[in-house]
Structure formats: structure tokens, C-alpha cells
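J.: The numbering of the sequence shown is the working numbering, which starts it at 13 and goes up by one.
If you scroll down you'll find the structure; I have some questions about it.
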Amino acid sequence: MALTERDRLARVERVYSLWGRLPGLYAAGDLLTFMGRPGRIRAAAVERLRLREGDTVLEVGCGTGRNFRHLQRAIGAEGRLVGFDYSGEMLAAANRLCRRRGWRNVTLVQGDAAALDVGEGGFDGVLSVLAMSVIPDHRQALERCRDVLRPGGVLSVCDARLFPERLAFLNPLVRALYTWGAAWDPAKDLPAAIEEVFGNVEVEDLNLGSFFIATAVKEERSAP
Numbered sequence: 013m014a015l016t017e018r019d020r021l022a023r024v025e026r027v028y029s030l031w032g033r034l035p036g037l038y039a040a041g042d043l044l045t046f047m048g049r050p051g052r053i054r055a056a057a058v059e060r061l062r063l064r065e066g067d068t069v070l071e072v073g074c075g076t077g078r079n080f081r082h083l084q085r086a087i088g089a090e091g092r093l094v095g096f097d098y099s100g101e102m103l104a105a106a107n108r109l110c111r112r113r114g115w116r117n118v119t120l121v122q123g124d125a126a127a128l129d130v131g132e133g134g135f136d137g138v139l140s141v142l143a144m145s146v147i148p149d150h151r152q153a154l155e156r157c158r159d160v161l162r163p164g165g166v167l168s169v170c171d172a173r174l175f176p177e178r179l180a181f182l183n184p185l186v187r188a189l190y191t192w193g194a195a196w197d198p199a200k201d202l203p204a205a206i207e208e209v210f211g212n213v214e215v216e217d218l219n220l221g222s223f224f225i226a227t228a229v230k231e232e233r234s235a236p
């Protein structure tokens with residue numbers, strides 16, 4: 013029997029409430045997930061936002077704050093960072109990180125990304141790393157990302173997919189491991205969904221095709 017959206021959300025909550033209580037183990041898993049390149053790939057996803065000091069940025073599915081240091085480096089102390097996540101436990105871990113680092117320009121918001129209640133049209137960039145493939149209604153979440161961006165603002169989605177061609181024999185193991193441990197849904201074609209919502213997308217393949225960074229720009233409104 014197919015899972016309902018409520019069932020999928022409950023599954024996401026169960027998985028990430030566990031990781032939120034074990035942030036050290038969650039961080040250690042980065043090495044496996046990113047094939048030894050977590051810092052480089054996370055930084056690259058942030059770079060694609062083309063942020064400047066003083067900008068306002070939203071991270072959807074911010075988790076324990078694994079990308080915050082890269083975002084802080086981009087926007088500086090005068091910028092503003094909003095971290096959004098469905099899991100209260102993950103946000104609690106992110107809050108502890110912010111207190112340790114002394115980051116006073118971070119606001120943490122809990123909720124469903126398909127609703128994404130963070131205001132309208134004020135963000136210079138929206139980042140999502142390993143989250144869109146988990147969000148049950150990813151299409152609605154992408155539409156909300158578009159809505160909250162200012163015209164000319166950039167969306168950067170970094171996510172995983174199954175191995176292509178010669179490494180495809182690993183896919184049953186990858187699917188089982190990350191479906192169980194991350195509530196991952198590899199069936200989602202995120203670049204195609206981004207292009208449908210934004211009308212444009214650029215895709216960079218990484219890690220032998222098992223990772224990608226997809227970027228899109230919210231187009232300027234035409235004059236009436």
C-alpha cells in the first residue's frame with residue numbers, strides 16, 4: 013500500500029529526530045555520504061548562490077547546521093540566515109551550534125517546507141542540501157522557495173541520486189541504506205522539477221554522477 017503524505021512526514025520526523033539527538037554521528041556520516049568530500053561539496057553549493065556580505069539567505073532542511081559556516085562566510089555578521097527544518101531535534105542541535113560559534117544573525121524555524129512560512133520575497137538565496145529528496149511534497153516546497161526569493165535571487169539544491177551505468181550494481185545497497193537511514197526518495201527528478209518551477213536550471217554533476225548541484229534564478233518580473 014502506498015504511503016500517504018502524512019505517513020511520509022511521520023517517517024521523516026522519526027529518522028531525523030534520531031539524528032538530531034546524535035549530531036556527532038550524523039556529522040561523521042558526511043564522509044560516507046559525500047564520498048570523502050563533504051566540506052568541498054557543501055561549500056560549492058553555497059558558492060553557487062553568489063551571496064554577498066549583508067545578504068539574507070534561507071536554508072531549507074538545515075538540519076544540525078552543517079552548512080552554516082559556509083553561509084556565514086558568505087554573508088558576514090551583517091547578513092541574516094534563516095534555518096528551516098521539520099525536525100525539532102535537528103533544530104535544537106543547530107541552535108547549540110550557533111551558541112557555541114556566537115552566531116547571532118541566525119533565526120531557526122520549524123515547519124513543513126511545503127508550506128514554508130518565512131515571509132515572502134525577501135531572500136537573496138535559498139539553499140537546500142540533501143533535503144529536497146526527503147521532503148514528501150518537493151514540488152510544493154520548490155514553489156515556496158521561488159515565492160520567498162527576491163527577483164534575481166538564486167536557488168541552490170545539492171542532492172544525491174543513484175549511480176549511473178558502470179556503478180549501477182551498487183544502487184540496491186545505496187537505495188536500501190539511505191531510504192532507511194535518511195528517508196531518501198531517489199525516484200524524484202529534482203533538476204526537472206526545478207526547471208518546471210523556475211523555468212531555468214543549471215546542473216553540475218559530482219562524485220561519479222551520484223551527486224549534483226542544481227541552480228536556478230528567480231526571473232525578474234516583466235514590466236506591465
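From the three backbone atoms N, C-alpha and C, an ideal C-beta is built for every residue, glycine too.
Source: prediction; values computed, not measured.
Tell me, please, whether the segment 179–188 touches the segment 147–162 by the rule of three or more beta-carbon pairs shorter than 8 angstroms.
T.: no
J.: In the structure shown, what three-state DSSP assignment does A172 receive?
T.: Here residue 172 refers to the residue found at position 160 when the sequence shown is read from its first residue. Strand at A172.
J.: What residue does the alpha helix (DSSP H) around G133 start on, and which one ends it?
T.: Locating residue 133 in the sequence shown gives position 121, where the first residue counts as 1. Per DSSP, G133 belongs to no alpha helix (DSSP H) and is neither H nor E.
J.: Using CA atoms only, rank isn't needed, just tell me which of L43, P50 and R173 is closest to S222.
T.: In the sequence shown, the residue the question calls residue 222 occupies position 210. Ranking L43, P50 and R173 by Cα distance to S222 puts R173 first.
J.: Label R54 either buried or exposed according to how many other C-beta atoms from any shown protein chain fall within 10 Å of its C-beta, with 16 as the threshold for buried.
T.: Translated into the one-based positions of the sequence shown, residue 54 becomes position 42. So R54 ends up on the buried side.
J.: If you drop the 5 nearest sequence neighbours on each side, which residues of the same chain put their C-beta closer than 6 angstroms to that of L128?
T.: Walking along the sequence shown from the start, residue 128 turns up at place 116. So the list reads R156, once near-sequence residues are dropped.
J.: If I measure Cβ to Cβ from R20 and keep anything under 7 angstroms in the same chain, skipping five residues before and after, which residues do I get?
T.: Counted from its first residue, the sequence shown places residue 20 at position 8. Within its own chain, the residues whose Cβ lies closer than 7 angstroms to the Cβ of R20, once the five positions on either side in sequence are excluded, are P148, listed in chain order.
J.: So with Cβ pairs under 7 angstroms, would you call V121 a contact of chain D?
T.: Any reference to chain D falls outside this structure, which holds one protein chain only.
J.: Per DSSP, S140 forms a beta bridge with which residues?
T.: For the purposes of this step, residue 140 is taken as residue 128 along the sequence shown, with counting starting at 1. Its beta-bridge partners are V169.
J.: Within this structure, are the beta carbons of G73 and A143 separated by less than 7 angstroms?
T.: Mapped onto the sequence shown, residue 73 falls at position 61. Mapped onto the sequence shown, residue 143 falls at position 131. Contact flag set, yes.
J.: Buried or exposed: P176, going by 16 or more other Cβ atoms within 10 Å of its Cβ?
T.: As a working note, residue 176 is residue 164 in the sequence shown. So P176 counts as exposed.
J.: In its own chain, which residues sit with a C-beta less than 7 angstroms from the C-beta of G164, not counting the 5 before and 5 after it?
T.: Within the sequence shown, residue 164 is the residue found at index 152, counting from 1. V229, K230 and E232.
J.: Keeping to the same chain, check which residues put their C-beta closer than 8 angstroms to that of G123; ignore five residues upstream and five downstream.
T.: Residue numbering aside, residue 123 sits at position 111 when the sequence shown is read from its first letter. Excluding its 5 nearest sequence neighbours in each direction, G123 has C-beta neighbours in its own chain below 8 angstroms: F96, Y98 and D129, listed in chain order.
J.: Taking the straight line between their C-alpha atoms, what separation do you get for L202 and A56?
T.: Locating residue 202 in the sequence shown gives position 190, where the first residue counts as 1. Locating residue 56 in the sequence shown gives position 44, where the first residue counts as 1. L202 and A56: Cα-Cα distance of roughly 18 angstroms.
J.: Quick check: what's the CA-CA separation for S234 versus L167?
T.: Stepping through the sequence shown from its first residue, residue 234 is reached at position 222. Stepping through the sequence shown from its first residue, residue 167 is reached at position 155. Confidence at S234 is low in this model, with a pLDDT of 42, below 50, so the placement of that residue is unreliable and no value is reported for it.
J.: Report back the beta-carbon spacing between V69 and D136 to the nearest angstrom; my notes put them in contact at under 8 angstroms.
T.: Counting from one through the sequence shown, the residue named residue 69 turns up at place 57. Counting from one through the sequence shown, the residue named residue 136 turns up at place 124. Confirmed, about 6 angstroms.
J.: Look up T191 in the DSSP assignment and say whether it is helix, strand or coil.
T.: Position 179 of the sequence shown, counted from the first residue, corresponds to residue 191. Correct three-state label for T191: helix.
J.: Determine the extent of the beta strand (DSSP E) in which V118 is found, giving its start and end residues.
T.: Walking along the sequence shown from the start, residue 118 turns up at place 106. Per DSSP, V118 belongs to the beta strand (DSSP E) from V118 to Q122.
J.: By the DSSP assignment, the alpha helix (DSSP H) with R62 in it spans what residues?
T.: The residue given as residue 62 occupies position 50 in the sequence shown. Run containing R62: none; DSSP gives neither H nor E here.
J.: Secondary structure at R92, three-state DSSP: helix, strand or coil?
T.: For the purposes of this step, residue 92 is identified with residue 80 of the sequence shown, where counting begins at 1. Note: R92 maps to strand in three-state DSSP.
J.: Could you have a look at E231 and say whether DSSP puts it in helix, strand or coil?
T.: Numbered from 1 along the sequence shown, position 219 holds the residue referred to as residue 231. Looking at E231 - three-state DSSP - the assignment turns out to be coil, as it is neither helix nor strand.
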